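One structure below.
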Ligand SMILES: NC(=O)c1ccc[n+]([C@@H]2O[C@H](COP(=O)([O-])OP(=O)(O)OC[C@H]3O[C@@H](n4cnc5c(N)ncnc54)[C@H](O)[C@@H]3O)[C@@H](O)[C@H]2O)c1
Ligand SMILES: CC/C=C\C[C@H](O)/C=C/C=C\C=C\C=C\[C@@H](O)[C@@H](O)C/C=C\CCC(=O)O
């Protein structure tokens, strides 16, 4: 029987993919707390969502995910308002090769810390009611990309964390499931590149033009796989302009060998 998802916490939800995931969840009647470092964009997204879905369905927390205290306080504010968080989405991210330390801190460290905060709250063996933790990585977490090597490293790290957590034989008794979303280039602000954000800028742009750009809606469709299906533990969803969304799971494949 499908675990009922009633509430979600989404980082980086003020705009782009996080906003798209939040809206799709709200459309399903799931209450959403979204956190973002951009206060004014977050507030205006919150105002719009409240007018569409009602004041009790959505909340915005101004939060810099690189501060673990800030992240924990925001998560706890969602638990206080909604009673429980069933779905954690670690989505906040940047793509800037000139900001190595900040990028690792946001894309990798904060996503791991967000996962750990969520799982301590969700663990059935510790009195929680279970839940799902979705980490937003990238196809750049699955294949090497020479013009964005630092970004790639942050996303490979996150995919490694996902595999490790999903392969935990105790995940089931804790009531936890781990999913990882790996889109290729998608039409959001993160792909507004300039020479400082990418190595081999011209070659990077040519690659991007050659493989094409996903719409936000296409990536949201892939994301909803983690909400609409029962047994998603270990799933990696890739979304590419050429092939749409595809689900891969090396843990299940191994189990069948
Ligand atoms: N758009 C793409 O091509 C693409 C492809 C694959 C993966 N991704 C990943 O998707 C995720 C969302 O990116 P997007 O494409 O929507 O880009 P975006 O720039 O539109 O959105 C990123 C959001 O994260 C927020 N954010 C950044 N730093 C933060 C911090 N320290 N604390 C809290 N919030 C912070 C931003 O304010 C913004 O709202 C990222 O993890 C990104 O790496 C994007
Ligand atoms: C640095 C910029 C910020 C965001 C952009 C995004 O995260 C970066 C994507 C970089 C590369 C994407 C490559 C996509 C390639 C696909 O067309 C395809 O060839 C790979 C598809 C699946 C991959 C891997 C696998 O199945 O093993």
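Residue numbers (the working numbering): 24 to 280.
C-beta atoms are modelled at their ideal positions from N, C-alpha and C, and glycine is treated no differently.
As the structure is a prediction and not an experimental result, all values here were calculated from the model.
Can you find a heavy atom of ligand 2 that lies under 7 Å from the Cβ of residue 121? Not so, every heavy atom of ligand 2 lies at least 7 Å from the Cβ.
Find out if the Cβ-Cβ distance for the pair residue 30, residue 53 is shorter than 8 Å. Result yes, Cβ atoms of residue 30 and residue 53 sit closer than 8 Å.
Quick check for students: name the residue ranges of the alpha helix (DSSP H) that lie wholly in the stretch 214 to 239, counting only runs of 4 or more. Within the stretch 214 to 239, complete alpha helix (DSSP H) segments of at least 4 residues are found at 224 to 234, given in chain order.
Which term fits residue 81, buried or exposed, when burial requires 16 or more other beta carbons within 10 angstroms of its beta carbon? With 16 or more Cβ atoms within 10 Å of its Cβ, residue 81 is classed as buried.
Rounded C-alpha distance that separates residue 37 from residue 212: In this structure, the alpha-carbon of residue 37 lies about 12 Å from that of residue 212.
Taking 7 Å as the cut-off, does the CB of residue 206 come closer than this to any heavy atom belonging to ligand 1? Of the heavy atoms belonging to ligand 1, at least one sits nearer than 7 Å to the Cβ of residue 206.
Residue ranges of each beta strand (DSSP E) within the stretch 56 to 133, 3 or longer: List check, beta strand (DSSP E) in window: 81 to 85, 110 to 113.
Three-way DSSP call (helix, strand, coil) for residue 139 in this model: Residue 139 falls in the helix class under three-state DSSP.
Just checking residue 281 against ligand 1 - is the residue's beta carbon closer than 7 Å to any of the ligand's heavy atoms? Here the chain comprises residues numbered 24 to 280, so residue 281 is not present and cannot be evaluated.
Identify whether residue 162 lies in helix, strand or coil by the three-state DSSP scheme. Per DSSP, reduced to three states, the secondary structure at residue 162 is helical.
For residue 160 versus residue 142, is the C-beta distance shorter than 8 Å? Taking the C-beta atoms as reference points, residue 142 is found no nearer than 8 Å to residue 160.
Any C-beta of chain C under 8 Å from that of residue 186: Included in the structure is just one protein chain, with no chain C present.
How would you write the range of the beta strand (DSSP E) that residue 5 sits in, first residue to last? Any answer about residue 5 is impossible in this case: the structure gives the chain only from 24 up to 280.
Can you name the residues that DSSP bridges to residue 271? Beta-bridge pairing links residue 271 to 259.
Is residue 193 buried or exposed, if buried means 16 or more other CB atoms sit within 10 Å of its CB? Per the 10 Å Cβ criterion, exposed.
Would you kindly work out how many angstroms separate the C-alpha atoms of residue 110 and residue 28, rounded to a whole number? Approximately 7 Å, taken between the alpha carbons.
Please list the terminal residues of the continuous beta strand (DSSP E) segment that includes residue 33. First-last of the beta strand (DSSP E) with residue 33: 30 to 34.
Would DSSP call residue 173 helix, strand or coil? If DSSP states are grouped into helix, strand and coil, residue 173 belongs with the helices.
In angstroms with no decimal places, state the Cα-to-Cα distance between residue 104 and residue 72. The alpha-carbon atoms of residue 104 and residue 72 are separated by roughly 16 Å.
Taking the alpha carbon of residue 248 as the point to measure from, which residue in 236, 267, 232 has its own alpha carbon closest? Just measuring C-alpha positions, the residue of 236, 267, 232 sitting nearest residue 248 is 267.
Quick check on DSSP: helix, strand or coil for residue 266? Looking at residue 266 - three-state DSSP - the assignment turns out to be coil, as it is neither helix nor strand.
Between residue 210 and residue 234, is the Cβ-Cβ spacing less than 8 Å? No; because the gap between Cβ atoms is not below 8 Å, this pair is not in contact.
Could you check what DSSP says for residue 39 in three-state terms: helix, strand or coil? Helix at residue 39.
How big is the Cα-Cα spacing for residue 229 and residue 127? Their Cα atoms are separated by approximately 26 Å.
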